[in-house]
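Chains as they are written, first to last, in this note's numbering: chain A, 1 to 312; chain B, 1 to 472.
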């Protein structure tokens with residue numbers, strides 16, 4: 001399945017919450033949707049989940065438009081919001097049963113589907129518990145089960161890991177990997193960028209309603225002009241203090257860190273072509289360089305490089 | 001996961017999913033179970049009191065205790081039903097809206113209409129469940145004598161409409177998802193309760209003293225209640241529909257349906273008239289004029305709260321053919337369509353009033369005079385929509401409130417202050433308000449022309465503006 005977000009615009013009065021955003025991703029991919037608070041992530045996600053309509057532009061799921069055919073789109077998407085189910089008077093199985101019914105699942109088929117979803121999300125042991133009495137991690141699993149109950153081809157997850165402890169985050173990550181392997185297209189927004197880096201194939205970065213960058217992680221963190229603008233080199237050298245001083249003498253080197261004894265991390269502005277002359281200064285000074293490697297830019301670092309942190 | 005499994009249905013699959021969920025929630029809710037327990041305990045205490053009364057005064061046991069016990073049981077049932085069905089509907093829906101749980105229902109294949117219907121039906125079934133809890137005590141009341149089963153049934157039936165109105169109002173206010181609406185809901189229910197108490201007293205007088213025709217009175221109460229619940233229902237569906245969808249269409253269609261059904265009130269009034277002085281046709285026409293005026297006023301007032309244009313999504317589905325296009329626009333979202341529809345209804349109502357006046361002058365004159373004050377609401381709405389379209393700062397509803405204050409409430413207050421404070425004849429201040437009927441009779445004839453004139457004028461301007469808007 002192919003998901004295309006095309007020139008999406010959503011305004012609230014004079015504020016352009018979403019300003020001409022376009023990106024695409026496909027089945028089997030996990031895409032991170034990143035942006036500072038107030039960037040327009042939730043508005044975009046709401047439009048993608050048919051909960052809101054754009055002023056212009058559209059979202060297509062295998063060519064099916066959210067604007068023209070929201071009913072058809074609802075059958076193929078699963079949406080997990082940042083809020084969690086909190087009913088005092090509904091048990092886990094009743095909650096999932098309700099959503100299975102709303103998607104038209106009947107009789108034996110509904111029972112079997114619920115059993116499968118409960119098994120996948122490990123909710124079997126707590127199926128008779130009331131929602132309000134569950135931990136945050138449990139509620140998150142219920143929320144995921146709800147989004148999966150009609151076996152959607154696309155999953156849209158808004159801040160799924162927010163407030164979860166490390167174990168629950170790990171479990172969620174594993175579940176998402178399995179779902180991706182099953183061929184589902186997953187879009188997830190999150191603030192925990194280091195986690196996104198581990199599971200995402202690509203990312204979409206927005207700020208102030210505008211698209212800053214979109215594509216595979218390789219494209220963003222290695223090949224994009226922003227990633228290339230500053231290069232990080234990890235150098236192994238015994239005389240770290242002398243090497244640091246020598247490196248800082250070069251005008252292209254903006255910062256040198258010593259993560260541990262015998263290792264230096266140098267930030268070189270201007271791109272790859274400045275790496276050989278920088279390294280040449282070390283060799284010329286006769287410093288014993290044991291090895292060096294060009295480090296890829298992390299998603300978090302890339303995000304910080306291209307965003308300003310301003311909100312509308 | 002689901003698609004590979006063969007479907008086998010069972011009986012509950014045919015039920016509305018929201019109804020199934022609501023019933024499960026009712027029986028899991030601790031507060032509701034406590035209220036039910038309280039109702040049972042109160043009835044048991046009542047039984048003990050009745051037993052004590054009977055043992056104290058054996059001669060009084062017949063003809064009084066039965067009716068008294070039934071009344072207490074029925075009042076307890078009404079209160080419990082209000083708390084369990086109505087108040088819990090308000091709480092639950094408010095929380096669902098606040099926690100965005102409703103959003104998940106809306107992104108399934110279930111429609112807003114089925115969501116509201118499921119909630120209403122759930123409350124209706126709970127009402128009869130609560131009634132069933134009181135059945136043994138009603139049976140005891142019957143055996144204490146002084147009351148017939150038929151009378152009991154009629155009385156219980158008279159409790160259903162206010163409870164269902166309270167439920168539907170709770171659902172409508174809950175659809176806003178604001179907890180601060182709990183207070184206004186209680187106040188509204190208190191005022192409505194006082195008003196309905198008078199109806200209950202009148203009805204019980206008819207039922208228990210066999211005076212008049214209680215079934216006719218119940219028919220009138222049910223007709224009004226069903227139409228009112230229908231309006232609240234349509235508004236609730238509109239409230240939870242997508243912002244840019246054709247959300248006012250169910251409301252407009254319901255108002256047209258109500259316009260067709262309102263003559264049933266006339267049937268009720270003719271039935272209630274034991275002397276047979278009221279002719280069925282005149283009564284139906286009179287009811288149509290009364291209802292038509294109110295429906296026109298409601299349609300216009302709601303238009304002031306709407307967006308000006310139907311919106312892109314609505315216009316995409318607009319038919320090409322001119323008559324179908326006009327009907328579609330009149331019954332779709334968009335303030336000008338609402339104003340135009342209101343004016344058409346008002347003109348139709350004025351025509352019916354004139355028809356009634358031609359062969360029943362006394363009733364016809366009252367009907368004609370009724371049209372004018374209703375026209376003022378059309379004028380207020382028109383003014384609000386026109387002004388709000390010219391500027392983008394204030395919304396239509398805010399301007400509507402301002403218009404109502406300037407043209408209705410301020411003259412009324414001014415008149416009151418002048419009359420009471422300065423002891424001076426202030427009737428003239430009411431002349432441009434719907435209360436012009438209270439002014440000097442010499443002006444009333446002149447003012448009566450203002451209403452239909454405003455309706456015609458509003459219609460022409462609304463249609464012209466709508467046409468311009470559609471073209472653009």
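Using N, Cα and C, we set each Cβ at its ideal position, and we do this for glycine too.
So residue i is in the beta strand (DSSP E); what residue range does that whole segment cover?
i             : result
residue 8/A   : 2–12
residue 242/A : That residue, residue 242/A, is in no beta strand (DSSP E); its alpha helix (DSSP H) goes 240–249.
residue 79/A  : 77–80
residue 61/A  : 56–61
residue 256/B : Taken as a continuous stretch (DSSP letters only), residue 256/B belongs to no beta strand (DSSP E), being part of the alpha helix (DSSP H) at 249–261.
residue 295/A : 289–295
residue 203/A : 202–207
Is the Cβ of residue i closer than 7 Å to any Cβ of chain A?
i             : result
residue 498/B : With chain B covering 1 to 472 only, the question about residue 498/B has no answer from this structure.
residue 246/B : no
residue 472/B : Caution applies to residue 472/B, whose pLDDT of 46 falls short of 50 and renders its modelled position unreliable; the model cannot decide the point.
residue 459/B : no
residue 214/B : no
residue 21/B  : yes
residue 3/B   : The predicted model places residue 3/B with a pLDDT of 44, which falls under 50 and marks its position as unreliable; any figure quoted below should be read in that light. With 7 Å as the cut-off, residue 3/B counts as an interface residue toward chain A.
Could you work out which residue in the options is closest to residue i when comparing CA atoms only?
i             : options                       : result
residue 18/B  : 5/A, 9/A, 35/A and 99/A       : 99/A
residue 190/A : 183/A, 204/A and 177/A        : 204/A
residue 193/A : 159/A, 165/A and 182/A        : 159/A
residue 307/A : 206/A, 245/A and 254/A        : 206/A
residue 9/A   : 35/A, 41/A, 26/A and 29/A     : 41/A
residue 27/A  : 269/A, 133/A and 154/A        : 154/A
residue 280/B : 270/B, 287/B, 288/B and 286/B : 270/B
residue 342/B : 45/B, 164/B, 26/B and 459/B   : 459/B
residue 252/A : 70/A, 277/A and 87/A          : 277/A
residue 211/A : 44/A, 267/A, 239/A and 107/A  : 44/A
residue 218/B : 178/B, 267/B, 250/B and 231/B : 267/B
residue 113/A : 148/A, 88/A, 90/A and 267/A   : 148/A
residue 303/A : 24/A, 171/A and 35/A          : 35/A
residue 94/A  : 101/B, 320/B, 20/B and 115/B  : 20/B
residue 132/B : 225/B, 40/B and 93/B          : 40/B
residue 236/B : 224/B, 126/B and 250/B        : 250/B
Which residues of chain A have a Cβ atom closer than 8 Å to the Cβ of residue i, listed in chain order?
i             : result
residue 109/B : 71, 74, 75, 102, 103 and 104
residue 25/B  : 87, 89 and 90
residue 17/B  : 98, 101 and 102
Show which residues of chain A have a CB atom less than 9 Å away from the CB atom of residue i.
i             : result
residue 242/B : 50, 51, 52, 53 and 70
residue 29/B  : 88 and 89
residue 313/B : 53, 67 and 68
Any Cβ of chain B within less than 7 Å of the Cβ of residue i?
i             : result
residue 89/A  : yes
residue 79/A  : yes
residue 57/A  : no
residue 94/A  : yes
residue 163/A : no
residue 127/A : no
residue 15/A  : no
Taking the DSSP output, what are the residues bridged to residue i?
i             : result
residue 33/B  : In the DSSP output, where bridge partners are listed per residue, residue 33/B has none listed.
residue 19/A  : 9/A
residue 260/A : 263/A
residue 189/A : 33/A and 158/A
residue 185/B : The partner list for residue 185/B (beta bridge, DSSP) is empty, contrary to what the question assumes.
residue 234/A : 265/A and 293/A
residue 26/A  : 2/A
Residues of chain A with a CB under 7 Å from the CB of residue i: which are they?
i             : result
residue 101/B : 85
residue 64/B  : Result: empty, since nearest Cβ-Cβ is about 42 Å, beyond 7 Å.
residue 434/B : Residues of chain A passing the Cβ test: none, with the nearest at roughly 35 Å.
Using a C-beta cutoff of 7 Å, does residue i count as contacting chain E?
i            : result
residue 98/A : Reference to chain E is not applicable here, since the protein chains of this structure are A and B.
Determine the chain B residues that contact residue i at a beta-carbon separation under 9 Å, and present them in chain order.
i             : result
residue 146/A : 104
With residue i as the anchor, note down where its alpha helix (DSSP H) starts and where it stops.
i             : result
residue 158/A : Where residue 158/A is concerned, there is no enclosing alpha helix (DSSP H), although the beta strand (DSSP E) it sits in stretches over 154–158.
residue 337/B : 335–359
residue 216/A : Residue 216/A -> not in any alpha helix (DSSP H); beta strand (DSSP E) instead, spanning 210–216.
residue 111/A : 107–120
residue 42/A  : 41–48
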